[in-house]
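Protein chains in written order, with our numbering: chain A, 2 to 326; chain B, 218 to 555.
Accompanying notes for the structure given below.
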Amino acid sequence: MTAIAPGTVPKASPRGSAARARMLRGLLPALSLALVLIAIAWLNPRAISYFGFNLMLNLAIPIALATIAQMFVIAGNELDLSIGTFVGFVGCVTATWLRDAPLIGILVLIGSIGVYALLGALIHLRNLPSIVVTLGMSFVWQGLAILVLPKPGGKAPDWLLSIMSFKPPYVPFPILAALLIAAVVHFGLMRTSYGVILRGSGGNAAALRRAGWSLLKTKIVLFALTGLFGVLSGMALIGITTSADANIGNGYTLLSIAGVILGGGEFVGGRVSPIGAVLGALTLALAASPLLTFMHIPPDWQVAANGAILIIVLAARVLISRRER
Amino acid sequence: MKKLLVLSAFAAMLASGTALADTSGKKIAFSNNYAGNSWRQAMLDSYAIVTKKAVDDKIVAAADVFTTADKEVPTQAAQVQNLILQGYDAIVINAASPDALNGAIKQACDAGIVVVSFDGTVTEPCAYRVVVDFKDMGKQEVEQMAKFQPKGGNLLEIRGLAGTSIDDAIHAGILEGVAAHPEFKIVGSVTGDWDQTTAQKAVATILPSLPDVVGIVDQGGDGYGAAQAFAAAGKPRPTIIMGNRQDELKWWKEQKEKDGYKTWSASIAPGVSTLAFWVAQQVLDGRKDIPHDLLVPYLAFTQDDFEAALPKIKEGGVATHEYTQEDAIAAIKANIKQ
Numbered sequence: 002m003t004a005i006a007p008g009t010v011p012k013a014s015p016r017g018s019a020a021r022a023r024m025l026r027g028l029l030p031a032l033s034l035a036l037v038l039i040a041i042a043w044l045n046p047r048a049i050s051y052f053g054f055n056l057m058l059n060l061a062i063p064i065a066l067a068t069i070a071q072m073f074v075i076a077g078n079e080l081d082l083s084i085g086t087f088v089g090f091v092g093c094v095t096a097t098w099l100r101d102a103p104l105i106g107i108l109v110l111i112g113s114i115g116v117y118a119l120l121g122a123l124i125h126l127r128n129l130p131s132i133v134v135t136l137g138m139s140f141v142w143q144g145l146a147i148l149v150l151p152k153p154g155g156k157a158p159d160w161l162l163s164i165m166s167f168k169p170p171y172v173p174f175p176i177l178a179a180l181l182i183a184a185v186v187h188f189g190l191m192r193t194s195y196g197v198i199l200r201g202s203g204g205n206a207a208a209l210r211r212a213g214w215s216l217l218k219t220k221i222v223l224f225a226l227t228g229l230f231g232v233l234s235g236m237a238l239i240g241i242t243t244s245a246d247a248n249i250g251n252g253y254t255l256l257s258i259a260g261v262i263l264g265g266g267e268f269v270g271g272r273v274s275p276i277g278a279v280l281g282a283l284t285l286a287l288a289a290s291p292l293l294t295f296m297h298i299p300p301d302w303q304v305a306a307n308g309a310i311l312i313i314v315l316a317a318r319v320l321i322s323r324r325e326r
Numbered sequence: 218m219k220k221l222l223v224l225s226a227f228a229a230m231l232a233s234g235t236a237l238a239d240t241s242g243k244k245i246a247f248s249n250n251y252a253g254n255s256w257r258q259a260m261l262d263s264y265a266i267v268t269k270k271a272v273d274d275k276i277v278a279a280a281d282v283f284t285t286a287d288k289e290v291p292t293q294a295a296q297v298q299n300l301i302l303q304g305y306d307a308i309v310i311n312a313a314s315p316d317a318l319n320g321a322i323k324q325a326c327d328a329g330i331v332v333v334s335f336d337g338t339v340t341e342p343c344a345y346r347v348v349v350d351f352k353d354m355g356k357q358e359v360e361q362m363a364k365f366q367p368k369g370g371n372l373l374e375i376r377g378l379a380g381t382s383i384d385d386a387i388h389a390g391i392l393e394g395v396a397a398h399p400e401f402k403i404v405g406s407v408t409g410d411w412d413q414t415t416a417q418k419a420v421a422t423i424l425p426s427l428p429d430v431v432g433i434v435d436q437g438g439d440g441y442g443a444a445q446a447f448a449a450a451g452k453p454r455p456t457i458i459m460g461n462r463q464d465e466l467k468w469w470k471e472q473k474e475k476d477g478y479k480t481w482s483a484s485i486a487p488g489v490s491t492l493a494f495w496v497a498q499q500v501l502d503g504r505k506d507i508p509h510d511l512l513v514p515y516l517a518f519t520q521d522d523f524e525a526a527l528p529k530i531k532e533g534g535v536a537t538h539e540y541t542q543e544d545a546i547a548a549i550k551a552n553i554k555q
């Protein structure tokens, strides 16, 4: 026993601390969410209730879906700067065609997922930087959104409205939805063998290629998944707001990227966490709006305070990942 | 003695108005989606002045202002939901979108909160809308023009931001005015976007192709630019309707001092935010007869009173007016009559 100890301790210690740091990193999204919730509970106890969570978190569902969408491209070492305007475009289609002519609406939405898949193929085949391609696409989606809905208006389909205003017993709907999204994506991306391949295309593309996997296919699948979750995000958003506006999703691009990073993801290397991303999105949604409203900051400083909270939350994340190295 | 005390207390209650007793515990929030131009700044300043006094006088318990970081609809929808949770009794709102906030507005109404929108109004039926009568403003421009140019003649029209309800309403009013005054004829129309520089460029471009014009009907924020374009082209100065901007009124004063130039000025006062505040207070006070769509007058200046207003306007700003509780009661009364 004493003979083994000198040998194992030095070896186990670095591995142990790395594991600890990894665990800390995994816990950080949950930890920051808990901190924000505690702050809100302290500032406004009334908010911590079934009614309160429903109100505070229902707009976090579309953000969580957009964050998951962004996470898929980030898993493949790419970035999608068009997700915000894409969500806006989907919103405009949802509030017009999906209600008036459901068949055309569904076809358009499926078609837009197809466009995303083609973008993935284009980026892979021509070896283009995704930032440039998706920045260009963001103007395309914005333009299309204005074409579909030149003036704010339209109305969400009734079935969508009733889904989004669903009130389950005991657990508020937004929390249920967040759990469902996190569980489904976690299983798909972290627990299936093709999920490993998808993440591997961002982690070690060369090894995957040598093993005989098609990188073109993985890129197409990742982008199509982004499109799919972008569509879900846009539909969820319109289900809550009941009516659309061509500019409705513009803020989601940066929110989704921040959500992925806050949730423990990395820009490169296929290191992402679906559960973390959902938690990150919830934290951002809570920190940016309810926390700020409850703090009673003078109006002149509110805009700056919003930015400061985001920086503080993200800085905590960076500090912990540095310790890991 | 005791009787006297009671009587004097009663008199004091009467003097201080009907609202004092009923809304002193109520909290009113202001949800604002944008603060980045002079009009919005003036709107916030007026609101702060009036509500601070209302809180000090114990007419309401609190009147807090919340501005969102961007012009985004979801941010403001989330903000409204948070205000519901904060337990406010009323929300005064300048909305980012006429339709897309309806979900959040409905939630507020369902929670028993009074919602009063102005400037950027919302279409949700449960909310109140304080709307400035832009159509009448357009009509009045032509009426005034007829006073300054009794012989009639050609008019140039400067339109505002395309696709907005405000531009539509003012334009419709101007057309109505011209129909009532057949001596006038609109010979040209340009888009000025309520901006002096844009208006100046647009007017300069169309000027060479125009016959002589006697007057310009516009939407405010474009009169000074139009004047500059006429001066640069060396054309005779027409009667230009002004829009309460500081640079416009200053130019008017210079011209008046030079040769007695006459015109008229009108626009929506940023202080309409304070009118929305008082409407919210009146609803909280228990008044049930207030129509959900309130048409309120615009702010106009004539040859006689514009110079008195000019020193009060900030450089590059716009004239405003802080409304009182009495103004709000009068406005509500005028709307019930209709």
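The beta-carbon is built from N, C-alpha and C at its ideal position, and this holds for glycine as well.
Contact list for residue i against chain A, beta-carbon separation under 7 Å
i: residue 314 of chain B; result: 153 and 246
i: residue 281 of chain B; result: 297
Test: residue i CB closer than 8 Å to a CB of chain B
i: residue 127 of chain A; result: no
i: residue 294 of chain A; result: yes
i: residue 241 of chain A; result: yes
i: residue 290 of chain A; result: yes
i: residue 185 of chain A; result: no
i: residue 180 of chain A; result: no
i: residue 249 of chain A; result: yes
i: residue 265 of chain A; result: no
i: residue 36 of chain A; result: no
i: residue 285 of chain A; result: no
7 Å Cβ cut-off: residues of chain B touching residue i
i: residue 47 of chain A; result: 302 and 304
i: residue 53 of chain A; result: 302
Buried or exposed (CB count within 10 angstroms, at least 16 for buried), residue i
i: residue 54 of chain A; result: buried
i: residue 359 of chain B; result: buried
i: residue 142 of chain A; result: buried
i: residue 238 of chain B; result: Here residue 238 of chain B scores only 46 on pLDDT, less than 50, and its place in the model should not be relied on; the value that follows carries that caveat. Label assigned to residue 238 of chain B: exposed.
i: residue 211 of chain A; result: exposed
i: residue 521 of chain B; result: exposed
i: residue 207 of chain A; result: exposed
i: residue 193 of chain A; result: exposed
i: residue 429 of chain B; result: exposed
i: residue 465 of chain B; result: buried
Contacts that residue i makes with chain A (C-beta to C-beta distance below 8 Å)
i: residue 319 of chain B; result: 242, 243 and 244
i: residue 324 of chain B; result: 56
Neighbour flag for residue i against chain A, beta carbons, 8 Å
i: residue 544 of chain B; result: no
i: residue 290 of chain B; result: yes
i: residue 238 of chain B; result: At residue 238 of chain B, the pLDDT of 46 sits below 50, so the modelled position is not reliable; the number obtained from the coordinates is stated separately. No, because no Cβ of chain A sits closer than 8 Å to the Cβ of residue 238 of chain B.
Contacts that residue i makes with chain B (C-beta to C-beta distance below 9 Å)
i: residue 57 of chain A; result: 295, 298, 299 and 302
Within chain B, partners of residue i - CB distance below 8 Å
i: residue 328 of chain A; result: Because chain A here runs from 2 to 326, residue 328 of chain A falls outside it and cannot be looked at.
i: residue 238 of chain A; result: 291
i: residue 60 of chain A; result: 291, 294, 295 and 298
Problem set entry | Completely contained alpha helix (DSSP H) runs for the stretch 299-351 of chain B, where each covers 4 or more residues | As far as the stretch 299-351 of chain B is concerned, its whole alpha helix (DSSP H) runs of at least 4 residues are 319-327.
For this session: Just list the alpha helix (DSSP H) runs in the stretch 355-415 of chain B, keeping only unbroken ones of 4 residues or longer that don't cross its boundaries, in chain order.
Result: Runs of the alpha helix (DSSP H) lying entirely within the stretch 355-415 of chain B and spanning at least 4 residues, in chain order: 382-397.
For this session: Return the residues of the stretch 130-148 of chain A that lie within a Cβ-Cβ distance of less than 8 Å from chain B, sorted by chain order.
Result: Residues of the stretch 130-148 of chain A with a Cβ closer than 8 Å to any Cβ of chain B: none.
Exercise. Fully enclosed by the stretch 417-466 of chain B, which beta strand (DSSP E) runs are 3 residues long or longer?
Worked result: The stretch 417-466 of chain B contains these whole beta strand (DSSP E) runs: 432-434.
Exercise. In chain order, which continuous runs of the alpha helix (DSSP H) of length 4 or greater are located wholly inside the stretch 464-520 of chain B?
Worked result: The qualifying runs are 489-501.
Exercise. At what residue ranges does the stretch 24-91 of chain A contain a whole run of the alpha helix (DSSP H), taking only runs of 4 or more?
Worked result: Secondary structure in the stretch 24-91 of chain A: the alpha helix (DSSP H) runs of 4 residues or longer, each lying completely within the stretch, are 51-58 and 61-76 in chain order.
Problem set entry | Entirely enclosed alpha helix (DSSP H) segments - the stretch 181-221 of chain A, minimum 4 residues | Taking only runs of at least 4 residues, the alpha helix (DSSP H) segments lying wholly in the stretch 181-221 of chain A are 194-204 and 206-211.
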